[in-house]
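Under this note's numbering, the letters of the sequence shown match residues 249 to 553, in that order.
We treat Cβ as the ideally placed atom computed from N, Cα and C, and that holds for glycine.
Given the structure is predicted, the values throughout are model-derived calculations rather than measurements.
Okay, so here's the structure we're looking at.
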Amino acid sequence: MKTVLKTSLVILLLAVIFFSCKPKLEEHPKQLVKHVVLIGSDGFGAYAFKKAKVPSLRRLMEEGSYSLKARSVLPSSSAVNWASMIMGSGPELHGYTEWGSKTPELPSRIIGEGNIYPTIFSLIDKQQPETKKGVSYSWGGIGYLFEKNMVDLDFNGTSDEETKNKALEFIINEKPALTFIHFSQPDNTGHKIGHDTPEYYQAVEKIDGLVGDIITALEKNNLLKDTVIIFSSDHGGIDKGHGGKTLLEVEIPWIIYGKNIPKKGELSSSIVTYDTAATIAYLLGLETPDFWRGKFITEVFNEDK
Numbered sequence: 249m250k251t252v253l254k255t256s257l258v259i260l261l262l263a264v265i266f267f268s269c270k271p272k273l274e275e276h277p278k279q280l281v282k283h284v285v286l287i288g289s290d291g292f293g294a295y296a297f298k299k300a301k302v303p304s305l306r307r308l309m310e311e312g313s314y315s316l317k318a319r320s321v322l323p324s325s326s327a328v329n330w331a332s333m334i335m336g337s338g339p340e341l342h343g344y345t346e347w348g349s350k351t352p353e354l355p356s357r358i359i360g361e362g363n364i365y366p367t368i369f370s371l372i373d374k375q376q377p378e379t380k381k382g383v384s385y386s387w388g389g390i391g392y393l394f395e396k397n398m399v400d401l402d403f404n405g406t407s408d409e410e411t412k413n414k415a416l417e418f419i420i421n422e423k424p425a426l427t428f429i430h431f432s433q434p435d436n437t438g439h440k441i442g443h444d445t446p447e448y449y450q451a452v453e454k455i456d457g458l459v460g461d462i463i464t465a466l467e468k469n470n471l472l473k474d475t476v477i478i479f480s481s482d483h484g485g486i487d488k489g490h491g492g493k494t495l496l497e498v499e500i501p502w503i504i505y506g507k508n509i510p511k512k513g514e515l516s517s518s519i520v521t522y523d524t525a526a527t528i529a530y531l532l533g534l535e536t537p538d539f540w541r542g543k544f545i546t547e548v549f550n551e552d553k
């Protein structure tokens with residue numbers, strides 16, 4: 249009898265050890281928000297906040313979380329960084345390596361169903377096929393960086409104002425899961441007249457006005473309560489150029505505000521632009537692929553301040 253009891257206890261003990269040591273399967277992420285609006289402003293360096301008047305962006309910063317020390321990937325130029333922002337990886341994997349890349353100069357490590365390195369739009373298309381998603385952009389180069397067959401809006405505006413208006417029409421009417429809005433300013437002014445000039449900061453302030461219009465429209469249509477806004481950029485600049493390795497060119501703003509986003513103010517996390525896609529995926533409750541290198545910014549969502 250004692251032998252049977254001892255044997256039973258040993259088996260029970262082994263079972264407890266086995267199940268306590270067995271790795272737990274990761275639960276599918278919980279969806280935190282219905283709508284995400286990603287606003288990207290081309291050439292908007294983090295340094296712009298020192299001189300420009302940007303009340304709309306400062307509202308998002310004060311009522312949400314932000315970093316003015318987020319970084320672009322290298323080279324610090326347009327296509328390579330917009331691709332990284334929505335592809336969750338850097339150029340060594342997605343292959344877009346130049347400011348105006350239309351196809352990867354380096355073969356993409358992974359080719360998705362959209363025949364390019366998979367973006368956040370492909371994740372939504374596969375995991376939430378019933379939801380809407382769209383892109384409204386002022387610079388035509390954006391059109392080469394996402395799966396056109398997977399979005400419900402593909403609009404290349406002739407101005408930032410037109411781009412904003414089309415995006416808002418789509419958001420209000422379709423209630424999409426994700427809308428990516430790309431503005432070409434202040435980059436155009438930076439190249440034509442120069443960064444860190446009065447004209448550059450005027451262009452920055454116009455972008456802030458467009459952001460304010462977006463916030464107002466979301467509030468008016470009762471959408472802001474179920475929306476997260478992320479604002480960022482691809483690079484900064486020096487003189488009339490960009491693409492270099494200075495902080496003025498590499499440091500970009502990264503601002504997140506909205507539903508389930510605590511009021512934390514400035515973040516201490518090291519943020520790279522490809523973390524944006526992973527953070528959007530986390531917000532929408534999507535599983536991210538192993539080949540992505542971005543990670544969601546945990547500091548935004550943890551309970552500690």
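With 16 other CB atoms within 10 Å as the buried threshold, where does residue i fall?
i: Pro355; result: exposed
i: Gly513; result: exposed
i: Pro303; result: exposed
i: Ile420; result: exposed
i: Asn329; result: buried
i: Asp435; result: buried
i: Ser518; result: exposed
i: Pro446; result: exposed
i: Thr546; result: exposed
i: Thr527; result: buried
i: Ile372; result: buried
i: Pro424; result: buried
i: Gly348; result: exposed
i: Ile359; result: exposed
i: Gly388; result: exposed
Which two residues bound the contiguous beta strand (DSSP E) that contains residue i?
i: Ile503; result: 499–506
i: Asn404; result: 401–404
i: Ser370; result: First-last for Ser370: 368–375, but that is the alpha helix (DSSP H), not the beta strand (DSSP E).
i: Phe589; result: No answer is possible for residue 589: it lies beyond the span of the chain, which begins at 249 and ends at 553.
i: Val476; result: 475–480
If you drop the 5 nearest sequence neighbours on each side, which residues of the same chain put their C-beta closer than 7 Å to that of residue i?
i: Phe266; result: Residue placement at Phe266 is poorly supported in this model, since its pLDDT is 40, which falls under 50; the coordinates still yield a value, given next. Correct list: empty, nothing qualifies.
i: Ser324; result: His483, His490, Gly491, Gly492, Glu497, Val498
i: Ser386; result: Gly405, Ser407, Asp408, Thr411, His430, Phe431, Ser432
i: Gln279; result: Leu532, Gly533
i: Pro277; result: Tyr530, Gly533, Leu534, Glu535
i: Lys374; result: none
i: Pro537; result: Pro366
i: Ala415; result: Ser384, Thr427, Ile429
Residues in the same chain with beta-carbon distance under 8 Å from residue i, minus the five sequence neighbours each way, listed in chain order, please.
i: Glu311; result: Tyr505, Lys511
i: Glu353; result: Gly343, Tyr344, Thr345, Glu346
i: Lys488; result: Gly438, His439, Lys440, Ile441, Gly442, His443
Grouping DSSP H, G and I as helix and E and B as strand, with all else coil, what is residue i?
i: Val548; result: helix
i: His439; result: helix
i: Tyr385; result: strand
i: Val459; result: helix
i: Lys270; result: Bear in mind that a pLDDT of 38 at Lys270, under 50, signals an unreliable position, so the model cannot answer this.
i: Glu514; result: strand
i: Val281; result: coil
i: Gly489; result: strand
i: Ile519; result: coil
i: Ile287; result: strand
i: Val252; result: The predicted model places Val252 with a pLDDT of 44, which falls under 50 and marks its position as unreliable; any figure quoted below should be read in that light. Residue state, collapsed to three classes: helix.
i: Phe297; result: helix
i: Leu496; result: helix
i: Asn470; result: coil
i: Val302; result: coil
i: Pro446; result: helix
i: Asn397; result: helix
i: Leu308; result: helix
Here's a check: name, in chain order, each residue in its chain whose Cβ is nearer than 6 Å to the Cβ of residue i, leaving out the five neighbours to either side.
i: Lys270; result: Per-residue confidence for Lys270 stands at a pLDDT of 38, beneath the threshold of 50, marking its modelled position as unreliable; the derived number appears in the next sentence. Cβ neighbours of Lys270 beyond the five flanking positions: none.
i: Leu472; result: Leu466
i: Ser313; result: Ile504, Lys512, Leu515, Val548
i: Ser289; result: Phe431, Ile455, Ser481
i: Met333; result: Thr521, Thr524
i: Asn469; result: Ile420
I need the boundaries of the alpha helix (DSSP H) containing residue i, first residue and last residue.
i: Lys317; result: Careful: Lys317 lies outside any alpha helix (DSSP H), inside the beta strand (DSSP E) at 313–319.
i: Thr524; result: 523–531
i: His342; result: 339–342
i: Thr411; result: 408–422
i: Met335; result: 326–335
At a Cβ threshold of 9 Å, is residue i touching chain C?
i: Tyr449; result: In the displayed structure, chain C is absent; only one protein chain is listed.
Are the region 495–507 and the region 318–331 in contact at 8 Å, needing three or more beta carbon pairs? yes
Would you call the region 331–341 and the region 537–547 in contact, with 3 or more CB pairs under 8 Å? yes
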